[in-house]
Structure formats: C-alpha cells, structure tokens
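This report concerns only the one structure given below.
Numbering (our numbering), first residue to last: 143 to 1286.
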C-alpha cells in the first residue's frame, strides 16, 4: 500500500470538472454503497436522431460525369445509384437514387440549379440543386424502350432521349412528360436499308442551326434531322461502329470516333465520304494492311482563340501491338504535337472544360477532367507540359486498401496544426500553379466546430491522419510503418513461403492525442510504438521478441529448458533463446541507426516469435498509457505487457494462467503443442474447413467481426488435438491451432471474407439461433474445443481488490468468454521510474457477461466520464541538461481527483456482445444490468460524450444503432438504421464523442453519420450551398457581315414543334410520370431562406441596371451611326447630282 501511495504522490493531479451528485452522502475515504449512487441523468430520447452527414472518398464504381460551366460544379454518377456533386473545397454532396439502379448519364441544366439523371432502370430523374440536400422533383419511367443517350441544349426546356430501338423521344423539363413528337428510326434511315441502325449513341443540335438535330447510331450511321420540316437533311454511312461525335463550333463539320481506332472528319457540304480519315496511333504495315488499334471511345473537337490549330482530345486508340498498349491512355493532339498520357486505371469518362457554355462560340478549352475507375484527375491544357491540378478532395483514401479505422473528436487544438506542418513536407510537387477549376458553390465554417481526426490503416502498412473538422476531410500526415523493417530477403525460405504480398497490413491502432504517442499492430504479429517529434533524428530502433506462452505440461527439450528457465521470464533481443529456429521472422527490424524525418518516429518494435516454424496467432487487442509508460496487447494465446520506458517485457502470460487458482470454469491445462497439419494447400481455406472451424469456434462474432482472434486475412483461430500423449483426456481449453494457415494477402476491410452472414437479416438470425449456445459464458460452452482470447484491454485508475481504499494503476482485461479480469500495477515514483521495475499483482475475476467483452469505461459517482491518466507531450529530440534532467509532466484524472463529496470509488461500465453492466468499485457490486440484444449480437460499443453527458452507443449485427443512458443503462434510442449489407461495415464502424460515427461504406468511401439531435440540427448550417445566383454570360456578337453570311446560329421556338398543341400527347403506355415530393414551380424558387431571396433580388436589380445602361449606350451609338450614314448619303447625292447616267 505504501508503494501505491508513492505512485499517487508521483502523479500530478488535475481536476476534470465533474459535478458530484448531491445524493452522495458518504464521507470522504469511505467507499460508497449502491444506495448512495443516485446520478441525475440528463439525456432523453429526444436528444438523439440518426442521419447521414457527409461521404468522403472516391465514388465507388463510377459510371458517368457532368459539369456545369457557369456554376462550375461537377457531378459523378455511380453503378450503385449514387451521385456525388462537388464544388469548391467544403462543397461536397452525396445523394442516392432510391432504386439503386446504375446512373448511365448526367445532364446539368446549365445555370438553372437542376440535374437530369438517366438510370439503368430506364428512368429519368430531375434533381433540384437549389437546396443543401438535393431532392428529386420528377421522375419519368420508360416502359417499352431502354434509354441509351440524353442531350439537353443550352437554355432549352426540352430534353432529347435516344433509346435502344433507335428512336428519339422529347421530354418537357418543366412538366417532365413526353411530347408527342417522336423521331422513329425507320424514318431516319433510307427505306432501302434493310438492317436496323442500332441504338442511339449520340444526340446533339447543330451549333449553326438549333433546328437541326444530329443523331448517331451505333452501326455507323449518322443522320441530321430537320426538326421543323420533319425530314432528313443528309445521311452518312461508315463501315465501323461509332462511339462518339463532336462538332466544330462553326457547325460546318464534325468528327466521329470509331471502334477500329480511327477518327473521321465530315463536312456538311459533301457527306458522301469523310474529308479525312486518321488512325492517330495506327500505321500502315508493309503488307498494306492497317495496324490493329483499340477503339476510340470518345473524342472532343475544340477550338482556341490563342491558336489556329484545334484541340483533338480522345481516349483509347492505341495499337494492340505497341509496348504498353494495354494501358489506358488519353491523347491530346494540338497541331503537329501529339501527347499521350498513360493512366493507372481504365478511363470511365472525360470532359473538356471550356470558358463558354455556347456551342457555337470558340471553346477555349482550359482543362480536361478524367474520371478513372479508381482515381479522379484534372489536366491543365493551358501549359505545354500538361501538368495535373492538385486535387483538393480526399480521393486517395483507397490508395492502399483500408484495413482499419479510428475516429477521435474533441482533440487538443494544437494537434492538427502540428500534424499538418510535418505532413506538408510530404506533399508531391509538379502540380499546376493554377487554382482548382471546380470552384462552384459556397461553404462557410460552422459555428460549432471542434478538432476531429480520422486515422486509417492500410494494407501496405501505411497510416493516414485526416483532418475531419467541420464535416470536411483533408489529409494531414502519412506514416509508413514498413520503413521500420529491412526489405524482405528472397532467401528467407520458409518465412517467404508463408507470407505473401502484404506483411505490413495494419490491424489496429491506438493513439493518445495528448501525449502524441501512437501504436500500431500489424498482420505479422508485430507492435510498433511511435513518438512524435518536430525534429529529425538518427536513432536505433529497439526490438523485443516475445515467445508465446507455454503451459506447465508442455514437453520441453533440455535445450529449451536451458534457454527458457522460467515461463514468465521476458525474452529480450540477443538472448540465447532467440538464436533457435523458433525465432524465425519474416520481418526483420533494422539493426542499424535509422534516419527519421520530423513526425512520428519509431521507438520500439515488439514481435511475437514463430513456434515450430509456424507463424504466431494474430494480436486481438491493444492499449497504451503514457502516464504509466506501459503497453499491453492480447492475442488468442494470452496477454503481454511491455514497459516501453525501460524497454522490457513486464509480463507474458497465457489466458488460462491469468486466472491462477480462481478459474471460474475449472478447466484442465493442456499443452500448447499439437499435431500440426500440413500447411500446403491452406492458403485458401475450403468451405468445409471454414465450416469445421466455425463449428468448433466459440463465438463467430468475437473471432470474425470484432477483431478478436482474426486478422485482416480472415483466418479463424483453428484448434486441434493435443500432441502430448500423456495429457489427460476430456474437454480442454486450447490456445493455439494446428497448422495455422500461412499469411495471405491482406485484404482491405471492405472486402474481407469472414464467416459472418450479412446477406440478409433472416440468415443472420438463423445463424445466431444456431450459435446461441456457444455464445454463452456457461461451463457447457467450454466443453467445446475452443480458446479464450483477450478481446479488450484498458489502463486506468481503479481498485485492484475489493478491500482497497485507494485507487491505483490497473489493467482491465476482457476475454472472449465474457470474463472481466483486473490486474493491479505498482509503478515506481518518477525519480525511480527508470531504475526500479514495475510490478503487477495477481489478477482477480471481477464479473462475467454473456458474449465477448467489447469495451470498458469509467465514471465517477457523479456520472462524469473519467479519462485515463496521460503524459503531456514534450519534444524528445532535445539535448538534456545532465545536471537538471527533464521530468515528465503527468496528468492524473483519478476517481479521487474528480470527486470529493461522493467519497472514494467509481463506476465501471462493461459491455459485451450481449450484455452491458455497471459495477461499483471497489465493492464490485453490479448496480445495473441490461441485456442489449437477444436475437443478434453487438459489433461495436463505446462510451461517448453527447452534449454535457455520457451514454453507451452500440451498433448491432442486425443493423440497429442503440444508445443507453449511464449509469442506469436505460434504452434511449433503438433504430434499424444501417442494414449490414457488407462485412466492411462491421469491421470499420466506430463511434466518437459529439454524437458522430463513421464506417467504410464501400472500398473507397467513408460515410459519417450523426446520432445526436444537436448535431443533426447544426448539420444544415455546416453543409455547403450547391447553387449560387450567377448571371448567364451573354453570347458573343459576331458582327454584321458574319451574321449576314450565316455565321450566327439560327434559333427557333421549340414549343411550337414539341408542345401539346402542335405534337399532341405521347402514348401513356410508353412512359409513366412519377411526381417528386416538390411542386412543379419550385425548380427556380427552392433555394429557400430570406437571405437567398434578398441576394437574388439584389443581383436582379444590378443586372437590370447594367442592361439599362447598356441599352442607353447602344441607343446613343445607333443615333451617331444614323447621323453619320445620313451625312455620307447626302454627300454622295450632291456629288452625283448633276451628272448624266453615262458619266457615273
């Protein structure tokens, strides 16, 4: 007890500002009883509401692209029916079609605040963008024909729709109903043509005459249709299929791209044959035949004021025979210069951005937007080397597959600037010096923002820190854990055979923002501890090797006995036992001093040794405490505690040995070593093998969902028979499986194959019913040949035994059998911390729950959350004064420092897959118990702060999100909000303070949600505005002569042709109109709010004044011109007045 008091004296106290309950009447120093605990809970059901906030990352499986050149916003459609609309940084909106059908095409109503989407279910949707969350105004479902292409002319309210049958229909945008005007395919082609022309692949109006509609068919036929005369002006035929068509801005010629890699140029004066046929990347071989080329999927033909040569930009067309011909390319032809840009991923679509929205003006292209299958880039056309723009959006989350996530809210205010300062040095160079062209919308920083950081671990061993404040996401800093190890040597033999491509994949992370300590767990059963420094350093990384714990009845050879005199002795680097074949490692820590840049610098690496040349089981839990200087991690085999200050293994014990003589299950010991199956052929487990492992496994959720006993490679903790012939028979608890399958390639959390059925709730419930017996913590469940894993760990100030009167440092341990253990720790004073060893007392069972233990948390008697002690960060790479060594500054938020009137003691909140309990320490009396779920199981549980109180937030396998009050465990909300459609959700779902959570909704996207009403209410102010009132630029005046000779585009009234009075009504069976939730008249008036109305009125007045001024100037100029003309005419008349006709 004196040692415990010395520890407390060495820790500086800091009050947390908790409000003690007035009902606590116990005297100070007297442990409270359950009758003394009466916390005034403030949270009610009305404080919670669940909604999605924002989605970050690259749109998964993108399909199409659109751009509004006036509003300067960009839209991306996806195969899952999603739409991402992007503007300036902060303007990022996600919307989803209810049908989930793939989005085939997007069309902006330029500068109208509306968007038309064409989906794979042959439905057109009109979206209103004049509100922060876009909504569908109208829908039109085609019943008899399939949509293949759409086109809407600028400043038109009529949409042209091409179909698979070759017909072209016309839709009124305002009413969203079909016109009776239809261009049938059999009227568009010659009567003598016997073959069907194929689907419509292109529609566009002529830049010269809006009455002319160019229709491109897949077979190679192009038709110009006169809308007013209802007849064909000309038809062209080509032997190769057409993929796209692009007009010259003068409307006298156009270009087509074809499936044989050719480009054809057509002139309207002579449509019998193309005026030019080019194969940009093909050559004529010696034999006279053409070189085989890839199809050119899209071509853009643009003119520029600065050059007489046009830009011809197209995708594809490379020769199959050329080296690298299999890589996707974008070709930019400008005059004689041909630039080929190779892409890392296939091109989905590209757009050329131009200054003007008018198709009959010189285009002046300035950028190319490229939508790839897994990337989004923009090329600057204004510079000769065509650099790319620096992307302001977080589109590289999936640069390496995401394997784990962590979410930290209310971080210290200085942590984000510090991470940004060191991360800025990692940025790439060579970007375009111009600003990002997609600059539409408006966004302001919300009033209620606080520092938030998201941490993602990846399959290549990298860790990324993201600034997630104010619902934005910007990368701060990237850490590469693979630099700690030597490059793998091909001569490693067995180790190389068992470990494949991703040995550095991150399984879990632990971060203390206050002390800036960071710890990662890798798939190769290694733990790396990092310290943050603003300066570079050249230091040696300390490496510790840990041998998995054996039981007392193991058969150990004499050499092993000599090398391992004690089962609890730490294994240090260079010890005799490390030279045996059991110390085989695939990853070797660098033994030489390593030059480390500013940022997180590796200090310590702990590796689990291989046993009998087999990889160790994966690490299942992790916790670190900077005030204690301790690091703890658990696995399927047991628990390891490391003193990272003294660089020693403090304790290494099997899960069974944690109980000592107080094993509640009274299990028999058995040998760790077993008959091992051949590992050949186990790289991919068969269905039968998985079924066998799951049958013998105790808890599929703990083993395969919550990260316990399972790595990102999704291999279960297999079990087997004992190898020791003298071992007693009967049910035993095993801790190591036979022939553990070798490491496979680390899959991302989005595509991990685990044994949790998530295809439907019915299957999940049936699986739950079949395994309900194995999920219990009863002795009968131990009869199965299972192993007990350490599933969660938590350092904190608590009472190690019932009789303790003062809190001490403790380690709370939760296992997969639902058992909670408590290990008291005696830490020397600050002066003796470097010399005196840290000691750990024997553990005692605190309580048992149903299912695997998920989380711990601690409250004082007033119901306030108690934060774990921590060390205040200090710069490690600063020379110390030998006369005055620096002392650590500790902040200890113990139960005693956070309460006075309530006496000693605190509340411990423990949650498992099935249950939640609140116990009173040190009496260990259970105050409240709540069975969270009976038919399913919890995947994630966290104690979080919401408002000025705390609650227990839970995410269930059946898709329910629940919150429970603390400490009474009263159900506040239970919403079936998130269907568990994929296991990635289960692997990556995390809660954080402030009523927020996130999960990986696709392999490339992070979805953030809010579950507090306050956060939901503030969300509207935090989102950006997609539409801003902007005056439409006026068309250029091309002059009298050019207009006289047909240079200006001819306009016509489409209403006269397509309206119901002229064209009649379309067949009701052809398409069905589905009205949206908003009215017909709200397309332009739905921005909402008095501020928006005033802004539009002000802009309208300014525009009116400008136009009146321009009108006055034009009137004056016309008057002067008329006077000048009159004067010249009078002079000419006087000159020729008296002359005869033959004298003229």
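We treat Cβ as the ideally placed atom computed from N, Cα and C, and that holds for glycine.
- Judged by beta-carbon spacing, residue 745 lies within the 8 Å limit of residue 672, meaning their Cβ atoms are closer than that value.
- By the CB criterion at 8 Å, residue 597 and residue 651 fall inside the cutoff.
- Pairing residue 946 with residue 1064 gives a Cβ-Cβ distance under 8 Å.
- Under the three-state reduction of DSSP output, residue 1247 falls in the helix class.
- Closest option to residue 431, judged by alpha-carbon separation, among 418, 393, 402: 402.
- Beta-bridge annotation (DSSP): residue 1217 is paired with 280.
- In this chain, residue 327 is not harboured by any beta strand (DSSP E); it is covered by the alpha helix (DSSP H) spanning 327-330.
- Residue 595 is positioned such that its CB atom lies no closer than 8 Å to that of residue 623.
- Between residue 768 and residue 657 a beta carbon distance of about 4 Å is seen, short of the 8 Å cut, so the two are scored as contacting.
- Between residue 1090 and residue 552 a beta carbon distance of about 13 Å is seen, past the 8 Å cut, so the two are scored as non-contacting.
- Note that the segment 238-248 does not touch the segment 544-558; fewer than 3 beta-carbon pairs, one per stretch, sit closer than 8 Å.
- Secondary structure of residue 613 (DSSP, three-state): helix.
- Distance from the CA of residue 485 to the CA of residue 452, rounded to the nearest whole angstrom, comes to 24 Å.
- According to the DSSP secondary-structure assignment, residue 990 is paired through a beta bridge with 961.
- Counting only runs of 3+ residues, the beta strand (DSSP E) found wholly inside the segment 217-279 occupies 224-228, 234-238, 245-251, 256-261, 265-270, in chain order.
- The residue among 300, 950, 1248 with its C-alpha nearest the C-alpha of residue 1199 is 300.
- Around the C-beta of residue 960, 16 or more other C-beta atoms lie within 10 Å, and the residue is accordingly described as buried.
- Counting only the Cα atoms, residue 376 lies some 14 Å from residue 351.
- At a Cβ-Cβ threshold of 8 Å, residue 740 and residue 677 count as neighbours.
- In the structure shown, the three-state DSSP call for residue 945 is coil.
- Secondary structure note for residue 675: it is in no alpha helix (DSSP H), and the uninterrupted beta strand (DSSP E) holding it is 668-675.
- Classified as exposed, residue 480 has fewer than 16 neighbouring CB atoms from the shown chains inside 10 Å of its CB.
- Contact check for residue 1126 against residue 1140 fails: the beta carbons are separated by 8 Å or more.
- Judged by DSSP secondary structure, residue 1097 falls within the beta strand (DSSP E) whose first and last residues are 1091-1098.
- In this structure, the alpha-carbon of residue 1076 lies about 14 Å from that of residue 1116.
- The segment 332-339 makes no contact with the segment 1213-1220: fewer than 3 CB pairs, one atom from each, lie closer than 8 Å.
- Annotation: residue 1002 to residue 653 spans about 24 Å, alpha carbon to alpha carbon.
- Of all alpha-carbon atoms in 1073, 1084, 1021, the one lying nearest the alpha-carbon of residue 997 is that of 1084.
- In the DSSP assignment, residue 190 falls within the unbroken beta strand (DSSP E) covering 190-199.
- By the 16-neighbour rule on beta-carbons within 10 angstroms, residue 1259 is exposed.
- The Cβ neighbour count for residue 1274, taken over all protein chains shown within 10 Å, is under 16; the residue is labelled exposed.
- In the three-state reduction of the DSSP assignment, residue 507 falls in the strand class, which pools E and B.
- As computed with DSSP, residue 408 is found in a beta bridge with 396.
- Here the segment 366-385 makes contact with the segment 431-440; the two share three or more CB pairs at distances below 8 Å.
- With contacts defined as CB atoms closer than 8 Å, residue 461 and residue 214 fail to qualify as a contacting pair.
- Contact between the segment 272-285 and the segment 1154-1168 is present: 3 or more CB-CB pairs across the two stretches fall below 8 Å.
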